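*Asks:* In order, the protein sequence lines correspond to chains A and B.
Using this note's numbering, the letters of the first sequence correspond one by one to residues 1 to 225.
Using this note's numbering, the letters of the second sequence correspond one by one to residues 226 to 450.
Backbone N, C-alpha and C define an ideal beta-carbon position, used for all residues, glycine too.
A quick note: this is a predicted structure, and the numbers were derived from the prediction, not measured.
2 protein chains.
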Amino acid sequence: MDNISRKVLIADDEPDILEILKYNLAGQGYEVVTAKDGDEALDKAKRTQPDLIILDVMMPKKTGVEVCQILRMQPAFKDTLIIFLTAVNDDGSQIKGLETGADDYIAKPISPKVFLSRVNALFRRLNKTEVKTLQLENLTIDPERFMVQVDEKDIILAKKEFELLYLLAQRPGRVFLRNEILNQVWGNEVIVGDRTIDVHIRKIRQKLGIDCVTTVKGVGYKFQL
Amino acid sequence: MDNISRKVLIADDEPDILEILKYNLAGQGYEVVTAKDGDEALDKAKRTQPDLIILDVMMPKKTGVEVCQILRMQPAFKDTLIIFLTAVNDDGSQIKGLETGADDYIAKPISPKVFLSRVNALFRRLNKTEVKTLQLENLTIDPERFMVQVDEKDIILAKKEFELLYLLAQRPGRVFLRNEILNQVWGNEVIVGDRTIDVHIRKIRQKLGIDCVTTVKGVGYKFQL
DNA sequence: ACGGATATTAAGTTATCATTAACTCTGGGT
DNA sequence: ACCCAGAGTTAATGATAACTTAATATCCGT
Chain A
1 MDNISRKVLI
11 ADDEPDILEI
21 LKYNLAGQGY
31 EVVTAKDGDE
41 ALDKAKRTQP
51 DLIILDVMMP
61 KKTGVEVCQI
71 LRMQPAFKDT
81 LIIFLTAVND
91 DGSQIKGLET
101 GADDYIAKPI
111 SPKVFLSRVN
121 ALFRRLNKTE
131 VKTLQLENLT
141 IDPERFMVQV
151 DEKDIILAKK
161 EFELLYLLAQ
171 RPGRVFLRNE
181 ILNQVWGNEV
191 IVGDRTIDVH
201 IRKIRQKLGI
211 DCVTTVKGVG
221 YKFQL
Chain B
226 MDNISRKVLI
236 ADDEPDILEI
246 LKYNLAGQGY
256 EVVTAKDGDE
266 ALDKAKRTQP
276 DLIILDVMMP
286 KKTGVEVCQI
296 LRMQPAFKDT
306 LIIFLTAVND
316 DGSQIKGLET
326 GADDYIAKPI
336 SPKVFLSRVN
346 ALFRRLNKTE
356 VKTLQLENLT
366 IDPERFMVQV
376 DEKDIILAKK
386 EFELLYLLAQ
396 RPGRVFLRNE
406 ILNQVWGNEV
416 IVGDRTIDVH
426 IRKIRQKLGI
436 DCVTTVKGVG
446 YKFQL
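(1) Distance check for I10 of chain A and I53 of chain A, CA to CA, integer angstroms please.
(2) Please list the segments of the alpha helix (DSSP H) lying wholly inside the stretch 135 to 209 of chain A, counting only runs of 4 or more residues, in order along the chain.
(3) Less than 8 Å between the C-beta atoms of A87 of chain A and M58 of chain A, yes or no?
(4) Short of 6 Å in beta carbon distance, which residues of its chain neighbour F309 of chain B, apart from the five on each side in sequence? Order them along the chain.
(5) Which complete alpha helix (DSSP H) runs does the stretch 10 to 35 of chain A hold, if anything under 4 residues is left out?
(6) Does any C-beta atom of chain B lie closer than 8 Å to the C-beta of F146 of chain A?
(7) Rounded to whole angstroms, what's the CA-CA distance from I17 of chain A to R47 of chain A? Just pull it up for me.
(8) Between the C-alpha atoms of K128 of chain A and I381 of chain B, what's the straight-line distance to the nearest angstrom?
(9) Among the residues of its own chain, which have a CB less than 7 Å from the CB of K108 of chain A, if the five just before and after it don't count?
(10) Round the Cβ separation of V233 of chain B and Y255 of chain B to the nearest angstrom and send it over; I've been treating them as touching at under 8 Å.
(11) Considering V290 of chain B, what are the terminal residues of the alpha helix (DSSP H) in which it resides?
(12) Quick one: list the residues of chain B neighbouring A102 of chain A, beta-carbon separation under 8 Å, in chain order.
(13) Please work out which residues of its chain come closer than 6 Å, Cβ to Cβ, to D367 of chain B, disregarding the five sequence neighbours upstream and downstream, and give them in chain order.
(14) Under the three-state reduction of DSSP, which class applies to L42 of chain A: helix, strand or coil?
(15) Looking at the unbroken beta strand (DSSP E) that takes in K447 of chain B, where does it start and where does it end?
(16) Please list the partners that K159 of chain A has in chain B, where partner means a Cβ-to-Cβ separation under 9 Å.
(17) How is V438 of chain B classed by DSSP in three states: helix, strand or coil?
(18) Leaving out five residues before and five after I335 of chain B in sequence, what residues of the same chain have Cβ atoms less than 8 Å from its Cβ?
(19) Among all the DSSP beta bridges, which residues are the ones paired with V8 of chain A?
(20) Give a yes or no on whether 8 Å exceeds the smallest Cβ distance from K232 of chain B to chain A.
(21) State the beta-bridge partners of L306 of chain B as determined by DSSP.
(22) Report the rounded CA-to-CA distance for K222 of chain A versus G27 of chain A, giving the unit in angstroms.
(23) Starting from the beta carbon of G398 of chain B, find every residue of chain A whose beta carbon is closer than 7 Å, and list them in chain order.
(24) Once DSSP output is grouped into helix, strand and coil, what is the label at K338 of chain B?
(25) Does the CB of K247 of chain B have a neighbour CB from chain A at under 8 Å?
(26) Can you say whether K62 of chain A is buried or exposed, counting buried as having 16 or more other CB atoms within 10 angstroms of its CB?
(27) If you draw a straight line from the C-alpha of L433 of chain B to the C-alpha of V119 of chain A, how long is it?
(28) Does the beta carbon of K447 of chain B come closer than 8 Å to any beta carbon on chain A?
(29) Taking the alpha carbon of Q170 of chain A as the reference point, which residue from A:M73, A:G187 and A:C212 has its own alpha carbon closest?
(30) I think P397 of chain B touches Q360 of chain B, with their Cβ atoms under 8 Å apart; what is that distance to the nearest whole Å?
(31) DSSP on A102 of chain A, reduced to helix/strand/coil?
(32) If I204 of chain A and L164 of chain A are in contact, beta carbons under 8 Å, what's the gap, nearest whole angstrom?
(33) For L168 of chain A, collect the residues of the same chain with a Cβ closer than 7 Å to its Cβ; drop the 5 residues on either side in sequence, then sort them by chain order.
Written as structure tokens, this is what we have:
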């Protein structure tokens, strides 16, 4: 698993629950932010950009469902994980909640053990980046067609070149260590020299014609338009 | 979306999961039938003839894999969509599941959002699988007559050649992995060498006379005029 | 300017695909 | 039953693109 600290926002009006969940998540190495009502949740979500947002459905100011709807309308929160906490006999809101685009919901009363396993599972799933085309300004990367386009013009990349570019482009701006790249593109068992990466990077830069892969000396590479 | 009611059978021994999935599917307009073990699943499958069957792998009486195998042996369920629900750390069964002839599998714990999108995607794919003639510029592919025309001129393809071409042509541009091709055209149980695909591709290219199948080295083939 | 790191280039190596021919299997037709 | 024709598969060989390596040049921070 990666050791990048995951940020979690919890919004609930019951201080006890807030406390329990915070304690549990912190124990697993998560960075936790809390909010006690809908408005505060929205505010903190925007300011801290969490990776996961846990929303109680019944909250003052705005309900969890409302908060979720508002967040989902914003591109920044399109892919943020959202979990609802629902009271047991609250079927109506459960259904409605899921329709608004939550990734999961957990019924109260909450078992910390179950809670943690659900949260961990969500993050695990997030890591498995799904196959979908990336659109970055004038650059399109389509894994389905195994094809790259710059300004509408098709460009053919070889397998490794494509995989490498796709990896970097999935997280624009993020620096990938050489080791990370080797693991993701080549796999842990294959052993190739460091220069191999360079050569592929070169070919990508050459074929695309645009300067979108940046070298971070002594560290690795990143995608940057 | 089409307004034809799609019937879905869900089999799981956990009432919670049954409930969640049922609500979600019902919310999307699906007609839902449930079963709590393998035998009940078989029984209800036969009596209700669902369009999609969702099977928990771990169930009393009969496992999902067993149910799937039994169903697949019957002509009536040859083309029924089947999805497995698998426990998180159960990679072995996932692979085995797909080999038994499931169309997809979803790992527990289930994210409703992901779940629905997968189900919808399957049905979307099913629609496209409908037998209909494809018209691509000067090329016509008619599965009804089992006939291909290039510039008004009839061309006779053998069964496998035709199926292969038809598969590729259904999603022009999209790359089909060799494994995908093997599964779709030959079926999961048949084992043939990799070169077999090449030979059929060659015959297609040869007979059609036009360059419409592109090789993506190390990946697969795609239809491209 | 020096050392470490990456860029570049060309050349070597390997993996994968194309092509051909031979072989098996099946179903008609006699 | 036999033979034949076509479909499908396999195996062998050659071609080529992809990949890797190695050698040399260049960059960049200290």
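*Replies:* For this structure:
(1) 6 Å
(2) 159 to 170, 178 to 181 and 194 to 208
(3) In this structure, M58 of chain A lies closer than 8 Å to A87 of chain A by Cβ.
(4) L280, V282, G289, G322, A327 and Y330
(5) 15 to 27
(6) Judged by the 8 Å Cβ criterion, F146 of chain A is in contact with chain B.
(7) 23 Å
(8) Bear in mind that a pLDDT of 48 at K128 of chain A, under 50, signals an unreliable position, so the model cannot answer this.
(9) Within the same chain, L85, T86, A87 and V88 come within 7 Å of K108 of chain A by CB-CB distance, once the 5 residues on both sides are set aside.
(10) 5 Å
(11) Element bounds for V290 of chain B: G289 to R297.
(12) Within 8 Å Cβ-Cβ: P337 and K338.
(13) T358
(14) helix
(15) G445 to F448
(16) V441, K442, G443 and V444
(17) It is a strand residue.
(18) I242, I245, L246 and L310
(19) A:V32 and A:L52
(20) no
(21) B:L277
(22) 32 Å
(23) At a C-beta separation below 7 Å, G398 of chain B has these neighbours in chain A: R145.
(24) helix
(25) no
(26) buried
(27) 54 Å
(28) yes
(29) A:C212
(30) Rounded, the Cβ-Cβ distance is 11 Å, inconsistent with contact.
(31) coil
(32) 7 Å
(33) F176, V213, Y221, K222 and F223
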